[in-house]
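Protein chains in written order, with the numbering used here: chain U, -17 to 43; chain A, 126 to 350.
The C-beta atom is built at its ideal place from N, Cα and C for all residues, glycine as well.
Report on the structure given below.
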C-alpha cells in the first residue's frame, strides 16, 4: 500500500491531485451527479438517487 | 461512517490554497469497528473515471484508516466490476474471485487489505495445490434473512465446481467473521455445513483459524475431495 504520498492539512487528506474533506451538506448537489447516475451506481447495492433531495438526506444522515 | 468528499486540487500539495474544489466523488469508511476494521467505499463522477483518481483517493483513505488504528479494511466488489477490482488490486489489496449469483444476494466478492497479506499468500499457496477457494463475505452473518440465501448459493457453487472439475479438486470455503461476532460465527458455521450438505449430501470437515493480525476469524471448511 502506498502511503507516502498522503498528507493532511486542516483535517483534510491531501494527495498529489486530490483533497479529501469531511463530507458536508454543500457536497450534496455535486454528489447527486454521481449518485443520481445509474451507470455510476450500477455496482452499488441500491439504485441511483431519484433527486438531489434524497442525496441531501443521505449527507445529513 | 467517515465519508470524505473527493475534490481535485489544481496544483501539487504545497500550494493548498490553490484548490479549485472541483468535486470528483466520494470515498468513505463505514461499519467502523474501532481498532479493528471498516468497510471501504468509493464512487467517482463518470467524467473523472479513467484518470487514476479513485486509486489515489482509496490509497489516501486506507492510509488514514491505518492512522485510526484499524487493522483491516474490506471492500466488497461485484465480480463483473472489473474496473474496481483492478483498482483495489493495484492499491495493494489481496483479491479473490468469487462468484456471485445475483446482486443483493448477501454474498459478494471479498477483498482484504495488506494487513493480512501473509494470510492471503498462504491461502493462495493452498490454491495452487489444486484447491479452489471460495470466500464468503455476507454483509451481516447474523442477519436472519441471510442463511437460506447463503446456503443456496454455496450449494450452487459447490455443484458448479464439481461438475466443471470432476477430477477431485478440493474446494475450500472461507467465511470471514468478526472475532467478536459470536452469533455470526455460529451462523457462518451452520451456513457452510448446510450449503455443502445440500450440494454434496455429506458433512464437511471444518476448522477455525484465528488470524491475529487482522483479528478476523476465518472459518474454513473443506468438503471431501
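- In the DSSP assignment, residue 15 of chain U falls within the unbroken alpha helix (DSSP H) covering 10 to 17.
- Under the three-state reduction of DSSP, residue -3 of chain U is assigned to coil, being neither helix nor strand.
- For residue 166 of chain A, the three-state secondary structure derived from DSSP is strand.
- Bridge pairing for residue 322 of chain A: absent [DSSP].
- Chain-ordered, the chain U residues with CB closer than 7 Å to the CB of residue 171 of chain A read 19, 21 and 22.
- In this structure, the beta-carbon distance from residue 182 of chain A to residue 2 of chain U falls below 8 Å.
- Three or more beta-carbon pairs separated by less than 8 Å link the stretch 188 to 196 of chain A to the stretch 160 to 175 of chain A, which places the two stretches in contact.
- Residue 216 of chain A has its alpha-carbon roughly 6 Å from the corresponding atom of residue 184 of chain A.
- For the pair residue 154 of chain A and residue 34 of chain U, the Cα-to-Cα distance works out to about 22 Å.
- Using a Cβ distance threshold of 8 Å, residue 8 of chain U and residue 18 of chain U do not count as a contacting pair.
- No residue range can be given for residue 21 of chain U, since it is assigned to no alpha helix (DSSP H) and is classified by DSSP as neither H nor E.
- At the C-beta level, residue 0 of chain U and residue 210 of chain A stay beyond 8 Å of one another.
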